[in-house]
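Novice: Quick note, the sequences are listed as chains A and B, same order.
So for the first sequence, the working numbering puts the first residue at 128; every next one is plus one.
So for the second sequence, the working numbering puts the first residue at 128; every next one is plus one.
The beta carbon of each residue, even a glycine, is placed where N, CA and C say it ideally should be.
Number of protein chains: 2
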Amino acid sequence: MQDIFDFNRLLRRGVSEVIVEEELVARLKRGEKLRLKEGFDPSSSDIHLGHMVGLRKLRQFQELGHEVVLIVGDWTAQIGDPTGQSVTRPVLSHEQVKVNAETYMQQFFKIVDRSRTEVRWQSEWFGKFSLTDVIKLTGRFTIAQFLARDDFSKRFAAGKPITLTEFIYPLLQAYDSVQVQASVEFGGNDQKFNLLVGRELQGMVGQQPQQILMTPLLIGTDGSHKMSKSLGNYIGVTETPEQIFGKVMSIPDNLLMDYFTLVTDVTDAELSEFSHEIETRANPMVLKKRLAREIIIQLYDKAAASAAEDNFVRIVQNKEIPDEIPHFRIAPGVLSIPNVMLDAGLVKSKSEAMRLIRQGGVEIDGKKLTEPNYAVAYGAVLKAGKRRYVKLIE
Amino acid sequence: MQDIFDFNRLLRRGVSEVIVEEELVARLKRGEKLRLKEGFDPSSSDIHLGHMVGLRKLRQFQELGHEVVLIVGDWTAQIGDPTGQSVTRPVLSHEQVKVNAETYMQQFFKIVDRSRTEVRWQSEWFGKFSLTDVIKLTGRFTIAQFLARDDFSKRFAAGKPITLTEFIYPLLQAYDSVQVQASVEFGGNDQKFNLLVGRELQGMVGQQPQQILMTPLLIGTDGSHKMSKSLGNYIGVTETPEQIFGKVMSIPDNLLMDYFTLVTDVTDAELSEFSHEIETRANPMVLKKRLAREIIIQLYDKAAASAAEDNFVRIVQNKEIPDEIPHFRIAPGVLSIPNVMLDAGLVKSKSEAMRLIRQGGVEIDGKKLTEPNYAVAYGAVLKAGKRRYVKLIE
């Protein structure tokens, strides 16, 4: 087996569950060319490090000759949430969907090999789906099956409304698998039920049932919740190298090993070494810098990673002023610095500015500000907190 | 109110529930021309006395100037039961549906006024129903709402499968109401949930919600179950006057008042009188004959009713041989009478024939048969039970 693929790298690291592992191993050993299904909802187009876990796994399969089938959920996005209950599901126009899909794919192909990817649009088949097709599809599944799904059973027990439509969406996702004849569907742990419906439906219509490869959820920079854009605890793949470096340096130490394991290619030997270093209470700063570089190299290149590190050392560690800082026009004379800070976007409210000043966190040209009103000279640098700067100009 | 319509006749007798009665009364008093929705499933085309309860009510509304909208469920019939779980829902071809619908309407218009009926075919709207339409429709209703329906909740509790499709069918019936802009939907008690879904959906899409008029279920000739073709306890509207007469005479005495109330126009004064006669243990035979005549007059005419009664008196009461009896060819010599009875269709099994002979229920030319083998003369009349005859010929 080792001749064909690295079992641990492919099916253990960065994998939370495979259904059914023996079947997938057999298909890999037979040298079957697999169609790896990945879907995305074009109502949000941002990819962050949490998504990278799965996309890196797709890439590893591609390196063995397999093909990714990326399904753009354009049909669903153009329907939105007809009940109006979900604010996360706006109705998108055909144009918006196309723009979002383009943005998504630019990020997607930072990690996944474009030359080994087939892009399919859901509307190819759902645009002409008839009521007869719906009846045939819904006749294959029972209410009890769906109510067994964890989130549904909890909501049902709590008396919270579940619309009939919510039972239909997983069937549509399953039908996608039939349409593209998926061999393996990829998804997060939280997608298990829907992925299984696809597997079941394929078997029912006489296709070989897809395997399911689930990837673990990455904890966000706050150290406590799943990384997600709405929680603000994410590192986006389109952020600048400097932003990524800074965010990685801010993650809690106990996430280090997870991040190394799930979103980098450092070897297993190194992983053990790092783990030992953390246990022996070595300074994690060195490891964090390594992690930040590993991530930036994947998304940009080595030069960008080095530059980001240099920038971090200079500004944050040596507290130097960065090369380029934004300018902000001021009036002459004595100014309310909290007002300036708010208008310049350094803080979100005047009370935040006041608090920072009281805590000694605001400097003008390197001198701590002690009271809110101050006569500023043109060209002075205003610093708020550790890394927010603005040059005050005429 | 009495000026406009007879409240008791229209909304009390033969009505089990009206939702909402005050609304319906108000519409009737306003002189609104109502669209009375009645649907039928062309997978079975036979109308029996149980259906007559509702059809007679439609007719009464028509007499006040309202219009029936008969919905032919052709779309649903051509889908059948895609799960294959229901034997009562075969897939019908377009041709079969047309034939069944024609047969149904021939019976339907024995009771309902054809000139005040609009016939609509479900496929007019469901033929072009898209997945988007399905999502919009299913998004309006919750799983909990459907599971609250009595039969669903029982099946769910018992762990019996309910397919998703079964939750969709009531929505389609509701959508029919929207399409034809029904003012009142008619149905049996057992249809209450589905009828309410239609009312709710109309309100959601900005139509005036339909009223619902439910008619009681008629108990079949067995005296214990709802009249239904599959139970064999029915009186079909296409049966001959003789058959109807015979079946009415066979119903249990305690059903008499129900039948008079629900499927005849005898006055309320007569109803009280009949009820008193039954309580005072009068011979119910007279009342049964009256009931049979009332029914036959509606489906045929007075002459047919009289002829059927004469026939009944002659054959059953006076045990005469009917004018026309079927012929059956026999071989010469000693015959096994149970075999003959089975082949001639007088019994369903030889053991039934043997039992009848033992009980003295079989006669040849008026003489009781005492043993199963008998040398029959050509032209002899074989009688089994009270009313089954066959003439044995060369």
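Say whether the segment 181-190 of chain A touches the segment 231-242 of chain A, bearing in mind that this needs 3 or more beta-carbon pairs closer than 8 Å, one atom from each stretch.
Specialist: yes
Novice: Go ahead and label N381 of chain B buried or exposed: buried means 16 or more other beta carbons lie within 10 angstroms of its beta carbon, across all protein chains shown.
Specialist: Under a 10 Å Cβ-count criterion, N381 of chain B is classified as exposed, with fewer than 16 other Cβ atoms of the shown protein chains found around its own Cβ.
Novice: Which ranges would you report for the alpha helix (DSSP H) in the segment 343-407 of chain B if only whole runs of at least 4 residues count?
Specialist: 368-376, 383-390, 395-406
Novice: Taking 9 Å as the CB-CB cut-off, is F134 of chain A touching chain B?
Specialist: no
Novice: Hey, is the segment 222-229 of chain B in contact with the segment 259-277 of chain A, meaning 3+ C-beta pairs nearer than 8 Å?
Specialist: no
Novice: For P288 of chain B, go through chain A and note every residue whose CB falls closer than 9 Å to its CB, in chain order.
Specialist: T269, I270, A271, Q272
Novice: Would W248 of chain B count as contacting chain A if we go by Cβ distances under 9 Å?
Specialist: no
Novice: Does the distance from the CB of K356 of chain B to the CB of D173 of chain B come in under 9 Å?
Specialist: yes
Novice: Judging by CA-CA distance, which residue of A:L483, A:L138, A:I520 is the nearest neighbour of Y505 of chain A?
Specialist: Closest by alpha carbon: A:I520.
Novice: Taking F256 of chain B as the query, report the chain D residues whose CB atoms sit under 8 Å from its CB, ordered along the chain.
Specialist: Among the protein chains in the structure shown, which are A and B, there is no chain D.
Novice: Near L155 of chain A, which residues of its chain fall below 7 Å by C-beta distance, leaving aside the five closest residues on each side in sequence?
Specialist: I131, F132.
Novice: Could you compute how far the alpha carbon of V324 of chain A sits from the alpha carbon of W202 of chain B?
Specialist: Near 28 Å, if we compare the C-alpha coordinates of W202 of chain B and V324 of chain A.
Novice: Hey, quick one: how far does the alpha helix (DSSP H) through Y231 of chain B stretch, first residue to last?
Specialist: 221-238
Novice: Check the Cβ-Cβ distances between I295 of chain A and every residue of chain B, and say whether any is below 9 Å.
Specialist: Yes, I295 of chain A counts as interfacial toward chain B.
Novice: Rounded to a whole number of angstroms, what is the C-alpha to C-alpha distance between N321 of chain B and L298 of chain B?
Specialist: 8 Å
Novice: Counting contacts by CB-CB distance shorter than 9 Å, is I198 of chain A in contact with chain B?
Specialist: no
Novice: In chain order, what residues of the same chain have a beta carbon less than 7 Å from the beta carbon of G166 of chain B, not counting five sequence neighbours either side?
Specialist: I198, G200, Q300, D303
Novice: Sort A:F283, A:Q306, A:F235 by Cα distance to W248 of chain A and report the nearest one.
Specialist: That would be A:Q306, whose Cα lies nearest to the Cα of W248 of chain A.
Novice: Quick one: what's got a C-beta closer than 6 Å to Y427 of chain A's C-beta in the same chain, skipping five residues either side?
Specialist: Beyond the five residues adjoining it in sequence on each side, Y427 of chain A comes within less than 6 Å, by CB distance, of P368 in the same chain, given in chain order.
Novice: Would you call the segment 371-378 of chain A and the segment 439-446 of chain A in contact, with 3 or more CB pairs under 8 Å?
Specialist: yes
Novice: Just to confirm, are N500 of chain A and I464 of chain A a CB contact at a threshold of 9 Å?
Specialist: yes
Novice: Output yes if chain B places a C-beta closer than 9 Å to the C-beta of L323 of chain A; else output no.
Specialist: no
Novice: Name the residues in the segment 318-348 of chain B whose C-beta lies less than 9 Å from a C-beta of chain A; which are they?
Specialist: Contact annotation: in the segment 318-348 of chain B, no residue has its CB less than 9 Å from a CB in chain A.
Novice: Chain A beta carbons: is any one of them nearer than 9 Å to that of V261 of chain B?
Specialist: yes
Novice: Which residue or residues does DSSP assign as beta-bridge partners of K314 of chain B?
Specialist: Here residue 314 of chain B turns out to be Gly, not Lys, going by the sequence shown. B:M341, per the DSSP bridge assignment.
Novice: Tell me whether the beta-carbon of E144 of chain B lies closer than 9 Å to the beta-carbon of K319 of chain B.
Specialist: Taking 9 Å as the cut-off, the beta carbon of E144 of chain B is found closer than this to the beta carbon of K319 of chain B.
Novice: Determine, using beta carbons only, whether G266 of chain B comes closer than 9 Å to chain A.
Specialist: yes
Novice: Checking the sheet assignment: what are the DSSP bridge partners for F167 of chain B?
Specialist: Answer by DSSP bridge pairing, in chain order: B:V199.
Novice: Let me make sure I understand the geometry here. Which of B:T391, B:R420, B:A419, B:L383 has the alpha-carbon closest to that of H403 of chain B?
Specialist: B:L383
Novice: So is L291 of chain A in contact with chain B if we call contact Cβ pairs under 9 Å?
Specialist: yes
Novice: Answer yes or no: do I362 of chain A and L176 of chain A have a C-beta to C-beta separation smaller than 9 Å?
Specialist: yes
Novice: So, is H454 of chain A buried or exposed, given that buried needs 16 or more other C-beta atoms within 10 angstroms?
Specialist: exposed
Novice: In three-state DSSP terms, what is Y302 of chain A?
Specialist: helix
Novice: For F283 of chain A, return the contacting residues in chain B, with the cut-off set at a CB-CB distance below 8 Å.
Specialist: I270, A271
Novice: How about L298 of chain B: is its C-beta nearer than 9 Å to some C-beta of chain A?
Specialist: yes
Novice: Measure how close the beta-carbons of P343 of chain B and L389 of chain B come, nearest whole angstrom, since I'm counting them as under 8 Å.
Specialist: 7 Å
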